[in-house]
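Here's the structure we're looking at; comments come further down.
Residue numbers (my numbering): 975 to 1379.
Set out below in C-alpha cells:
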C-alpha cells in the first residue's frame, strides 16, 4: 500500500533537513563554479566548499537509501519529498559537472567530495590576487572548518580551562580527570598545529603568512577568535602556555630526570594520582609502563619523584618515613638496568643526598654536586663516588638520612 503524501516528510525524519540544507549549498556552489571569475568566488567561500565535501558521503548514502525506500513503498512522484530528492540529484549533477570541468583532465574521474577538496588545492596553489594583503591570504589558507583547526581548538580549550585559572604555589593546577584530558589534548594539539603550519608552508611558498602568524603566536589573545587565523593563534598560544607550565611543574617534581616531549602527557595522570594519594594518605601510586616508556624508564621517573619529595621535606612520623624509603627502593629496583644521561644525573643527586646526610634543614636541591664534594673522613660513611647501582645508592642515602647529625 502506498504511503500517504502527508506522512512522507515525517517518515524522512532528519534526513529531510539534510537534503534541504544540501539543496541550498548546491545552489550557492553551482553559482560559484559557473562564474567567470570562479577562482575569486571560491577563494572567498572555502568554508562552503569544505562543508559540501565533508557531508557528501552522507548525502550520497541518504539519497541511495531513500530511493530504495521510495521504490519499495511506491511513493508518489508528486510528493514533496520526492520533488526534493529529484531537485537535490539535479543540482548534484550540475555541481559535479562544474567542479570536474575546473579540474585538470587527468583528475576528472574522482568522486564529487574529492573533486571539491582538490579544487580547493587548485585555487590555493594559484596564489593570491595582485596586492592581496597577508592577513587576507591567511584567512584564505585557514578556513574555520578545517578538521585540523577544529582539533587544535578542541585541545586548546582544555589547555585554556586548566591553565587560565590561578593555582596555589607548589600544587598541581589540575586534578586526575583534567590530567587525563590533558593527556589526550596535548598530542592532538601537537599534530593538529603541525598540520596547520605545514599547510601554510605548502600553499604559501613565500613563507610570509607563516612568519606573520608565528610572530604573533606568543601574544595573549585579547578578543574572542572568529576567523581561521585567529583560531590558530588562540590554539597556538594556549598550547604554548600549557607546554611551558608543564615543563616547569615536571622540573620541580622530577628533576634531574628530564622527560621527553612525548612522555609528558603520559606522566600527568600519574602525577595527579600521586599527589592525590599523598594528600589523602591513600599511599602509593605506581607509574605503569606502556607504549611511551618501558618498565625501567617508569621506575626512573618514580625514583626521581620520590627523591625530590625527600629532598624538599622529610616525612613526618616513622611509618611515613618507612613508606617513603620503601617506595624509593622499589623504584630503584625497577630502574636498575637503565642507562643514559638521566640516570647519571639521578646518581649524582643521590650522591649529593648522601653527602648532605639528608638533613631536613638543608634541602639537597639547594646545592649542586660540583660544589659539594664527598668527604668520607668527615661523615664516616663509605665513598659512593664510583657506585653505579641505584638500589645501593638508595640504601646508602637511607643510612645517611638515619645517621644522627
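Ideal placement from N, C-alpha and C gives every residue a C-beta, glycine not left out.
- When DSSP states are grouped into helix, strand and coil, residue 1137 belongs to the helix group.
- Measuring C-alpha to C-alpha distances from residue 1030 to each of 1374, 1287, 995, 1045 identifies 995 as the nearest.
- Under the three-state reduction of DSSP, residue 1232 is assigned to coil, being neither helix nor strand.
- The residues 1027, in chain order, have a CB closer than 7 Å to that of residue 1091 in the same chain once the five nearest residues on each side in sequence are set aside.
- A Cβ-Cβ contact shorter than 8 Å links residue 1159 with residue 1129.
- Excluding the 5 residues flanking it on each side, residue 1015 has same chain C-beta neighbours closer than 7 Å at 1006, 1009, in chain order.
- Taking the Cβ atoms as the reference, residue 1376 lies roughly 12 Å from residue 1327, outside the contact range of under 8 Å.
- Annotation for residue 1004: 1065, 1068, 1069, 1072 place their beta carbon closer than 8 Å to its own, counting only its chain and skipping 5 residues before and after.
- For the 8 Å CB-CB criterion, residue 1155 and residue 1250 do not form a contact.
- Straight across, the Cα-Cα distance linking residue 1116 with residue 1193 is about 19 Å.
- Fewer than three pairs of CB atoms, one per stretch, sit closer than 8 Å, so the segment 1175-1188 makes no contact with the segment 1119-1127.
- Distances from the CA of residue 1033 to each of 1080, 1086, 1139 were compared; the closest alpha carbon is that of 1086.
- The alpha-carbon separation between residue 1131 and residue 1235 amounts to approximately 20 Å.
- According to the DSSP assignment, residue 1036 belongs to the alpha helix (DSSP H) that extends over 1020-1047.
- Distances from the alpha-carbon of residue 1275 to those of 1313, 1264, 1233 put 1233 closest.
- A contact between stretches requires three or more CB pairs, one per stretch, nearer than 8 Å, and the segment 1359-1373 meets this requirement with the segment 1293-1306.
- Note that the segment 1219-1229 does not touch the segment 1198-1210; fewer than 3 beta-carbon pairs, one per stretch, sit closer than 8 Å.
- In the three-state reduction of the DSSP assignment, residue 1198 falls in the coil class, being assigned neither a helical nor a strand state.
- In the DSSP annotation of this structure, the continuous segment of the alpha helix (DSSP H) that includes residue 1322 starts and ends at 1315-1329.
- Judged by DSSP in its simplified three-state form, residue 1225 adopts helix.
- In the three-state reduction of the DSSP assignment, residue 1143 falls in the coil class, being assigned neither a helical nor a strand state.
- With contacts defined by Cβ atoms closer than 8 Å, residue 1167 and residue 1126 form a contacting pair.
- A straight-line Cα-Cα distance of about 14 Å links residue 1001 and residue 1059.
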